[in-house]
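Report on the following structure.
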Amino acid sequence: MKNHILIAGIATLMLASCAQKSQTELTLSGLNPTKFQTVVNDAQTGLYTLKNKAGMEVCITNFGGRIVSIMVPDKNGEMKDVVLGFDSIADYINVPSDFGASIGRYANRINQGKMVLDGDTIQLPKNNFGHCLHGGPKGWQYQVYEANPIDETTLELTRFSPDGDANFPGNLTAKVLFKLTDDNAIDIKYSATTDKKTVINMTNHSYFNLSGNPSKAATDHILYVNADNYTPVDRTYMTTGEIVPVKDTPMDFTTPKAVGRDITNFDFIQLKYGNGYDHNWVLNTNGDVKQLAAKLTSPESGISLEVYTDEPGIQVYTGNFLDGTVKGKKGIVYNQRASVCLETQHYPDSPNKPQWPSVILEPGQTYNSECIFKFSVEK
Numbered sequence: 000m001k002n003h004i005l006i007a008g009i010a011t012l013m014l015a016s017c018a019q020k021s022q023t024e025l026t027l028s029g030l031n032p033t034k035f036q037t038v039v040n041d042a043q044t045g046l047y048t049l050k051n052k053a054g055m056e057v058c059i060t061n062f063g064g065r066i067v068s069i070m071v072p073d074k075n076g077e078m079k080d081v082v083l084g085f086d087s088i089a090d091y092i093n094v095p096s097d098f099g100a101s102i103g104r105y106a107n108r109i110n111q112g113k114m115v116l117d118g119d120t121i122q123l124p125k126n127n128f129g130h131c132l133h134g135g136p137k138g139w140q141y142q143v144y145e146a147n148p149i150d151e152t153t154l155e156l157t158r159f160s161p162d163g164d165a166n167f168p169g170n171l172t173a174k175v176l177f178k179l180t181d182d183n184a185i186d187i188k189y190s191a192t193t194d195k196k197t198v199i200n201m202t203n204h205s206y207f208n209l210s211g212n213p214s215k216a217a218t219d220h221i222l223y224v225n226a227d228n229y230t231p232v233d234r235t236y237m238t239t240g241e242i243v244p245v246k247d248t249p250m251d252f253t254t255p256k257a258v259g260r261d262i263t264n265f266d267f268i269q270l271k272y273g274n275g276y277d278h279n280w281v282l283n284t285n286g287d288v289k290q291l292a293a294k295l296t297s298p299e300s301g302i303s304l305e306v307y308t309d310e311p312g313i314q315v316y317t318g319n320f321l322d323g324t325v326k327g328k329k330g331i332v333y334n335q336r337a338s339v340c341l342e343t344q345h346y347p348d349s350p351n352k353p354q355w356p357s358v359i360l361e362p363g364q365t366y367n368s369e370c371i372f373k374f375s376v377e378k
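Right under this line is the structure:
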């Protein structure tokens with residue numbers, strides 16, 4: 000009997016040891032999942048790893064619905080992590096950012112945080128030059144989504160936003176479905192329903208550096224944007240309501256060119272206002288998710304990113320306000336223009352610009368939006 004008890008005890012210890020080992024096993028990108036296991040706002044956070052048959056890996060945390068790492072092969076077959084982020088939930092909390100986040104309720108800016116719905120003026124929180132940016136200071140990038148891992152390639156995140164959340168009207172339930180395909184694409188589908196008239200505009204805010212080395216600027220990346228027009232801004236980054244041609248301006252990426260070629264041409268007032276590129280392009284794709292919206296390529300690694308969406312616009316942001324004060328994954332310092340963001344969206348401040356595609360969601364309707372990030376290699 001004593002031998003049986005001893006054997007059982009040893010077996011229990013071995014199982015516990017194996018469980019501990021499996022919990023602390025690092026991801027391909029070098030993340031420790033235990034550093035993402037904590038409680039924020041009374042909700043459990045974690046790290047969820049998606050893998051496909053090609054060996055690509057995507058790590059996502061339900062804190063802010065953030066893509067934390069993306070491992071894809073470069074032109075030499077070496078796996079590279081191509082997004083900026085942090086090594087733990089503590090870092091995401093201690094250094095507020097939108098790295099990789101699923102943004103809501105409203106991505107980008109709403110002028111002075113004000114909008115009018117059915118004659119009622121709604122005042123939203125201000126957090127950026129007097130405007131409401133990315134849902135305000137307590138936007139969804141700082142909230143915990145409910146996570147539902149469906150299989151090894153699919154993760155569903157759900158966020159319930161109560162009526163009056165950041166003063167947005169309506170009890171709203173939003174979902175973000177991440178699907179990693181076998182051809183190295185991340186297919187992101189957003190959906191939402193409400194019980195009261197409201198506005199919604201969701202996006203993913205990943206900061207891409209396709210060289211796999213974010214200590215280097217991404218200004219050498221070659222960018223194509225399938226857009227003949229863009230929406231200019233004032234000195235507070237607020238859209239003016241105009242839609243103007245990109246032709247014969249530094250905003251023209253209809254012919255691929257290096258991100259940094261014209262980025263410091265501050266004689267062009269839009270680049271001066273944005274301290275670089277931080278603008279919405281009006282896509283030529285007419286909501287067709289099968290048409291290429293944008294393409295970004297690192298000459299160094301050969302890694303290319305194609306973006307497809309059913310949204311009418313895309314925000315290109317070139318990390319102009321990264322200033323070397325933030326240390327990300329593996330302690331790497333993120334300097335100015337260490338990345339390029341490609342945020343599919345409705346245009347900024349659409350609630351106050353009725354001439355633009357509507358962002359209004361009514362009870363009984365379902366909001367749907369799709370963004371596909373497809374990776375490949377150019378040798």
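In numbering that gives the first Met the number 0, the protein residues as written are 0 to 378.
Just so it is clear, CB atoms sit at the ideal spot from N, CA and C, and this is done for glycine as well.
Remember, it's a predicted structure, so these values are computed and weren't measured experimentally.
Check, Outcome
"For G134, which of S297, T197, D181, I268 has the nearest alpha-carbon?", "T197"
"In the DSSP output, what is E361 paired with across the bridge?", "None, per the DSSP bridge assignment."
"Is it the case that the segment 217 to 231 contacts the segment 243 to 251, given that we only count it when at least three CB pairs across the two stretches are under 8 Å?", "yes"
"Grab the span of the beta strand (DSSP E) containing A89 for me, first residue to last.", "Per DSSP, A89 belongs to no beta strand (DSSP E); it is in the alpha helix (DSSP H), 88 to 93."
"How far does the alpha helix (DSSP H) with G273 in it reach, from first residue to last?", "268 to 273"
"Given a threshold of 16 other Cβ atoms within 10 Å of its Cβ, counted over all protein chains shown, does K137 qualify as buried or as exposed?", "exposed"
"In angstroms with no decimal places, state the Cα-to-Cα distance between D80 and T239.", "37 Å"
"Which residues mark the beginning and the end of the beta strand (DSSP E) in which W139 is found?", "W139 -> no beta strand (DSSP E), and no H or E assigned at all."
"Measuring only the C-alpha atoms, how far is T180 from C340?", "21 Å"
"If you compare alpha carbons, which of E155, A89, S368 is closest to G286?", "S368"
"Relative to the alpha-carbon of T157, which residue among S349, T44, K373 has its alpha-carbon at the smallest distance?", "T44"
"So, C131 versus I109, is the Cβ gap smaller than 8 Å?", "yes"
"Determine the direct distance from the alpha carbon of M70 to that of D86, and round the result to whole angstroms.", "15 Å"
"Tell me whether K20 is buried or exposed, calling it buried when 16 or more other Cβ atoms sit within 10 Å of its Cβ.", "Caution applies to K20, whose pLDDT of 40 falls short of 50 and renders its modelled position unreliable; the value that the coordinates give is listed next. K20 should be labelled exposed."
"Can you name the residues that DSSP bridges to F35?", "Partner(s): none; F35 has no beta bridge."
"So A292 packs on V258, CB below 8 Å; how close in whole Å?", "Not confirmed; about 16 Å, so no contact."
"So, under 8 Å CB-CB, K195 and P161 are touching, yes? Tell me the CB distance rounded to an integer number of Å.", "Not quite, the Cβ-Cβ distance comes to about 11 Å (not below 8 Å), so this is no contact."
"If you draw a straight line from the alpha carbon of V143 to that of N274, how long is it in whole angstroms?", "32 Å"
"Check for me: the beta strand (DSSP E) holding T25 runs from which residue to which?", "Correcting the residue type first, residue 25 is Leu in the shown sequence and not Thr. No beta strand (DSSP E) contains L25, which DSSP labels as neither H nor E."
"Once the 5 residues before and after P95 are set aside, which same chain residues still bring their CB inside 8 Å of it?", "Y141"
"Indicate, with yes or no, if the ligand NAD has a heavy atom lying under 7 Å from the CB of T37.", "No copy of the ligand NAD occurs in the structure displayed, which carries no ligand at all."
"I'd like the list of long-range same chain contacts for L30, defined as Cβ closer than 7 Å, with 5 residues on each side in sequence excluded.", "L46, C58, V67, S68, D86"
"Kindly give me the distance between the Cβ atoms of Q269 and N107, rounded to whole angstroms, as I take these residues to be in contact under 8 Å.", "Between N107 and Q269 the Cβ distance is about 16 Å, and since that is not below 8 Å, they are no contact."
"Based on the DSSP output, what are the partners of N228 in its beta bridges?", "P244, V281"
"Applying the criterion that 16 or more other CB atoms from any shown protein chain within 10 Å of the CB defines a buried residue, is K328 buried or exposed?", "buried"
"Measuring CA to CA, which of Q36, E361, G363, N351 is closest to V115?", "N351"
"Quick one: grab the DSSP three-state call for G327.", "coil"
"Of the residues D182, L171, E342, T253, which one's Cα is nearest the Cα of P362?", "L171"
"Can you tell me whether R234 is buried or exposed, with buried defined as 16 or more other CB within 10 angstroms of its CB?", "exposed"
"Since Y307 contacts V288 with CB under 8 Å, what's their CB separation in whole angstroms?", "5 Å"
"Please check if any C-beta of chain C sits within less than 8 Å of the C-beta of I199.", "Within the model displayed, chain C is absent; a lone protein chain is all it includes."
"Measuring alpha carbon to alpha carbon, tell me which residue in R104, H278, S357 is nearest G163.", "R104"
"So E151 is in the beta strand (DSSP E); what residue range does that whole segment cover?", "Run containing E151: none; DSSP gives neither H nor E here."
"For A184, collect the residues of the same chain with a Cβ closer than 6 Å to its Cβ; drop the 5 residues on either side in sequence, then sort them by chain order.", "I371, K373"
"Please go through the segment 159 to 241 and give each complete beta strand (DSSP E) segment of 3 or more residues, from N-terminal end onward.", "171 to 179, 184 to 193, 202 to 204, 221 to 224, 228 to 230"
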